[in-house]
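Trainee: Residue numbers (my numbering), protein chains in the order written: chain A, 17 to 244; chain B, 17 to 244.
Cβ atoms here follow ideal geometry from the backbone N, Cα and C, with glycine treated the same way.
Pasting a structure below so you can have a look.
Protein chains: 2
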Amino acid sequence: MRDRAIPEATVGRLPIYLRSLVEMAERGASTVSSGDLAEAAGVNSAKVRKDLSYLGSYGTRGVGYDVAYLIHQVRRVLGLTQDWPVLIAGAGNLGHALSNYKGFTARGFRIVAIVDNSKGKVGERIGSITVEHIDRLGQICRREEVAIGVICTPAAAAQEVADRMVAAGIRSILNFAPAVIAVPDHVSVRKVDLSIELQILAYYEQRKAVIEAVKGGRGAALDLAGVP
Amino acid sequence: MRDRAIPEATVGRLPIYLRSLVEMAERGASTVSSGDLAEAAGVNSAKVRKDLSYLGSYGTRGVGYDVAYLIHQVRRVLGLTQDWPVLIAGAGNLGHALSNYKGFTARGFRIVAIVDNSKGKVGERIGSITVEHIDRLGQICRREEVAIGVICTPAAAAQEVADRMVAAGIRSILNFAPAVIAVPDHVSVRKVDLSIELQILAYYEQRKAVIEAVKGGRGAALDLAGVP
DNA sequence: CAGTGTGAACCTTTTCACAGCA
DNA sequence: TGCTGTGAAAAGGTTCACACTG
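Here it is, written out as structure tokens:
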């Protein structure tokens, strides 16, 4: 297989493979089979092979994949051979945590600015960065060529911040605010919502409890919605 | 439609609908159509109707859904009519941010303990909770009947913490550590990986740049892997 | 007659299974 | 012989379109 669009589901797994591959390289591995990589990434080997086949035929039959070369290819496809200037909006708890998060810089994401709308926050230093007022967002984005905006504000401010980011030319947004934001088609949004994740876990947790109750013969009166 | 398993994709959207519904209720809405809810949740109306149909036939043709009643049903299905004791492992930046996050308590997730393995952290107060040593994880889980464990440790510690949680009887884990963790079948894991989200955005961002270059006629020599 | 509920069509993703190659 | 690469089948998810009803 050569070129053309990589399925979304695959794009979502490439960073996981990449992380596993980098760990393997650090441990001195020079080749890896789809089975090994599958185990490290927590998926099955057929999926690994299909996913990697979208990048090209980089494996050797009977042997596996060259770790260093595969790392290079995955990085290239994901666009990690360049570094990406990131702006964070919202200097609350989460904004702080993200600003200090080593995992970003390690992977080529350079936090170039943190903005906030509150007098109390502007001027504060977080790591090596000074919090600036959100009204400067446009200038900052142009000056630093910011590619990715991260929203760490309360839900009520999320849409307005997103609008400002879009106006400033940002085309990729990572939204941590617990709110749905509307953006034009050409802008990509990914969202991370902590309490949604917990709610999903609660569903499955509850389901297990109900199943157990039924198995134990105590379930006659229980509501079974969602139990297989 | 009555009872039985709700598709995963639908479970993932129910919390979003719930949030929109609660906002609508606060604004005084008493009924809502699938179209309204779809707009608020950022999906299309057919999806909303299909999703809600898995809960039962709670709508009224020609009218829509009763907001309060639907909120109740979604909460019931998700298991949010009870509260869930949560334990956080790792009192670093992210552990702090999560502990202080109001969105959890607001939705019935009660943080009952924070554990860490470092002398420096144990004894520290975060909000109303005192950080305890991770060796007490088992006792705490039993005493507080912890249902959900949240891993906010560095990647290197994630698997061991997960093992301890599983040993302590936890069956639902939310993993923020940038590592794949292995758990037995009966344990649900959801993961949130900040740098993976950025890497996915980088892929699409790069793709846009390449497409533009091609449109501008400057793309002959560019590598087009992943461009539709 | 506006808006739900849902079969049926369609698209995406996963899994299977095996031919083909180092 | 061992492992990749990939068609084909199966499963899962989304969208369409319309019969039905309050």
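(1) With DSSP as the reference, label B:T97 as helix, strand or coil.
(2) For a contact meaning CB atoms closer than 8 Å, what does A:A54 contact in chain B?
(3) Residue range of the beta strand (DSSP E) that B:V128 falls in?
(4) Looking at the secondary structure, which residues open and close the beta strand (DSSP E) in which B:G165 lies?
(5) Does any residue of chain B bring its CB to less than 7 Å from the CB of A:N109?
(6) How long is the line joining the alpha carbons of B:R77 and B:T47, rounded to whole angstroms?
(7) Can you tell me where the beta strand (DSSP E) holding B:R187 begins and where it ends?
(8) Cα-Cα, which of B:N109, B:R20, B:G80 and B:Y70 is closest to B:V90?
(9) Is it buried or exposed, B:E24, if we count other Cβ atoms within 10 angstroms and call 16 or more buried?
(10) Keeping to the same chain, check which residues put their C-beta closer than 8 Å to that of B:R18; ignore five residues upstream and five downstream.
(11) Got a sec? Which residues, its chain only, sit under 7 Å from A:V79 by beta carbon, not counting five neighbours each side?
(12) Within the chosen definition, does the segment 24-41 of chain A reach the segment 125-142 of chain A through at least 3 CB pairs nearer than 8 Å?
(13) Check the Cβ-Cβ distances between A:V147 and every residue of chain B, and say whether any is below 7 Å.
(14) Could you give the first and the last residue of the continuous beta strand (DSSP E) run that contains B:V59?
(15) Give every residue of the same chain whose Cβ lies closer than 8 Å to the Cβ of A:V147, excluding the five residues on either side of it in the sequence, and list them in chain order.
(16) Is the Cβ-Cβ distance between B:A218 and B:P194 less than 7 Å?
(17) Who are the neighbours of A:V27 on chain B, taking C-beta pairs under 7 Å?
(18) Measure the alpha-carbon distance for B:G232 versus B:R223 and round it to whole angstroms.
(19) For A:R159 and A:A183, I'd like the C-alpha separation in whole angstroms.
(20) From A:S204 to B:A105, what distance separates their C-alpha atoms?
(21) Between the C-alpha atoms of B:Y33 and B:L53, what's the straight-line distance to the nearest angstrom?
(22) Assuming the contact rule is C-beta atoms closer than 8 Å, B:A214 and B:C168 should be a hit. Round their C-beta distance to whole Å, please.
(23) At a Cβ threshold of 7 Å, is A:L68 touching chain B?
(24) Hey, A:Y220 and B:S49 are a contact pair by Cβ (cut 8 Å); roughly how many whole angstroms apart?
(25) What is the C-beta distance between A:I267 and A:V162, in whole angstroms, given that I count them as a contact (C-beta under 8 Å)?
(26) State the CB to CB distance for the pair B:L210 and A:G119, rounded to an integer number of angstroms; the pair is presumed to be in contact (CB under 8 Å).
(27) Using only CA atoms, which one of B:E176, B:H202 and B:R123 lies nearest to B:G99?
(28) In or out: B:K207 buried (at least 16 other Cβ within 10 Å) or exposed?
(29) Using beta carbons (cut-off 7 Å, strictly below), is B:L94 in contact with chain A?
(30) Just to check my reading of the structure: B:V59 and B:R29 have Cβ atoms closer than 8 Å, yes? What is that Cβ distance to the nearest angstrom?
(31) Under 8 Å by Cβ, that's how I've got B:Y117 and A:N116 pegged, so tell me the actual separation to the nearest angstrom.
(32) Inspect the beta-carbon positions of B:I216 and A:V27 and report whether they are closer than 7 Å.
(33) Taking 7 Å as the threshold (beta carbon to beta carbon), is A:S134 in contact with chain B?
Mentor: Checking against the coordinates, here is how it stands:
(1) One-based indexing of the second sequence puts residue 97 of chain B at position 81. It is coil, neither helix nor strand.
(2) Counting from one through the first sequence, the residue named residue 54 of chain A turns up at place 38. By Cβ distance, chain B contributes nothing, its closest Cβ being about 11 Å from A:A54, past 8 Å.
(3) Position 112 of the second sequence, counting from 1, holds the residue named residue 128 of chain B. Where B:V128 is concerned, the enclosing beta strand (DSSP E) stretches over F125 to D132.
(4) The residue given as residue 165 of chain B occupies position 149 in the second sequence. From DSSP, the beta strand (DSSP E) with B:G165 extends over I164 to I167.
(5) The count along the first sequence starts at 1 and reaches residue 109 of chain A at position 93. For A:N109, the nearest CB of chain B lies under 7 Å from its own CB, placing it at the interface with that chain.
(6) As a working note, residue 77 of chain B is residue 61 in the second sequence. As a working note, residue 47 of chain B is residue 31 in the second sequence. Each residue's alpha carbon lies about 12 Å from the other.
(7) For the purposes of this step, residue 187 of chain B is taken as residue 171 along the second sequence, with counting starting at 1. Looking at the DSSP string, B:R187 is not in any beta strand (DSSP E), and its letter there is neither H nor E.
(8) To locate residue 90 of chain B, count along the second sequence from 1; it is residue 74. Just measuring C-alpha positions, the residue of B:N109, B:R20, B:G80 and B:Y70 sitting nearest B:V90 is B:Y70.
(9) Taking the second sequence and counting its residues from 1, one reaches residue 24 of chain B at position 8. So B:E24 ends up on the exposed side.
(10) By one-based count along the second sequence, residue 18 of chain B stands at place 2. Here the model assigns B:R18 a pLDDT of 45, short of 50, so the residue's position is not dependable, and the following value carries that caveat. Hits under 8 Å: G72.
(11) The count along the first sequence starts at 1 and reaches residue 79 of chain A at position 63. Closer than 7 Å at Cβ, skipping near neighbours: T47.
(12) No contact exists between the segment 24-41 of chain A and the segment 125-142 of chain A.
(13) Here residue 147 of chain A is taken as the residue at index 131 of the first sequence, counted from 1. False, the Cβ-Cβ gap to chain B never drops below 7 Å.
(14) The residue you call residue 59 of chain B lines up with position 43 of the second sequence. Taken as a continuous stretch (DSSP letters only), B:V59 belongs to no beta strand (DSSP E), as it is neither H nor E.
(15) What you label residue 147 of chain A is simply residue 131 of the first sequence in a count that begins at 1. Excluding positions up to five away in sequence, the list reads A107, I130, V131, D132, K137, V138, G139, E140 and R141.
(16) For the purposes of this step, residue 218 of chain B is taken as the residue at position 202 of the second sequence. For the purposes of this step, residue 194 of chain B is taken as the residue at position 178 of the second sequence. No Cβ-Cβ contact shorter than 7 Å links B:A218 with B:P194.
(17) Residue numbering aside, residue 27 of chain A sits at position 11 when the first sequence is read from its first letter. Ordered by position in chain B, the residues that pass the 7 Å Cβ test against A:V27 are I216 and Y219.
(18) Your numbering for residue 232 of chain B matches position 216 in the second sequence. Your numbering for residue 223 of chain B matches position 207 in the second sequence. Going from the Cα of B:G232 to the Cα of B:R223 covers about 14 Å.
(19) Mapped onto the first sequence, residue 159 of chain A falls at position 143. Mapped onto the first sequence, residue 183 of chain A falls at position 167. Answer to the nearest angstrom: the Cα atoms are 14 Å apart.
(20) If you number the first sequence from 1, residue 204 of chain A lands on position 188. If you number the second sequence from 1, residue 105 of chain B lands on position 89. Rounded to whole angstroms, A:S204 to B:A105 spans 32 Å at the Cα level.
(21) On the second sequence, position 17 is the one that residue 33 of chain B refers to. On the second sequence, position 37 is the one that residue 53 of chain B refers to. Between B:Y33 and B:L53, the C-alpha separation is close to 7 Å.
(22) Sequence index remark: in the second sequence, residue 214 of chain B carries index 198 (1-based). Sequence index remark: in the second sequence, residue 168 of chain B carries index 152 (1-based). Residue identity differs from the one stated: residue 214 of chain B is Leu in this sequence, not Ala. Not confirmed; about 18 Å, so no contact.
(23) Here residue 68 of chain A is taken as the residue at index 52 of the first sequence, counted from 1. Interface with chain B (7 Å Cβ-Cβ cutoff): A:L68 is excluded.
(24) The count along the first sequence starts at 1 and reaches residue 220 of chain A at position 204. The count along the second sequence starts at 1 and reaches residue 49 of chain B at position 33. The beta carbons of A:Y220 and B:S49 sit about 30 Å from each other, so the pair does not count as a contact at 8 Å.
(25) Since the first and last residues shown for chain A are 17 and 244, residue 267 of chain A lies out of range.
(26) If you number the second sequence from 1, residue 210 of chain B lands on position 194. If you number the first sequence from 1, residue 119 of chain A lands on position 103. At roughly 7 Å, the Cβ-Cβ gap stays under 8 Å, so B:L210 and A:G119 are in contact.
(27) In the second sequence, counting from the first residue as 1, residue 99 of chain B sits at position 83. Correcting the residue identity first, residue 99 of chain B is Asp in this sequence and not Gly. Here the closest residue by C-alpha is B:R123.
(28) Translated into the one-based positions of the second sequence, residue 207 of chain B becomes position 191. B:K207 is buried by the Cβ-count criterion.
(29) Position 78 of the second sequence, counting from 1, holds the residue named residue 94 of chain B. Yes, its Cβ sits closer than 7 Å to a Cβ of chain A.
(30) Residue 59 of chain B sits at position 43 when you count from the first residue of the second sequence. Residue 29 of chain B sits at position 13 when you count from the first residue of the second sequence. Confirmed, Cβ separation roughly 7 Å.
(31) Taking the first residue of the second sequence as 1, we reach residue 117 of chain B at position 101. Taking the first residue of the first sequence as 1, we reach residue 116 of chain A at position 100. 17 Å between Cβ atoms; not a contact.
(32) In the second sequence, counting from the first residue as 1, residue 216 of chain B sits at position 200. In the first sequence, counting from the first residue as 1, residue 27 of chain A sits at position 11. Taking 7 Å as the Cβ cut-off, B:I216 and A:V27 qualify as a contacting pair.
(33) What you label residue 134 of chain A is simply residue 118 of the first sequence in a count that begins at 1. Not one chain B Cβ lies under 7 Å of A:S134.
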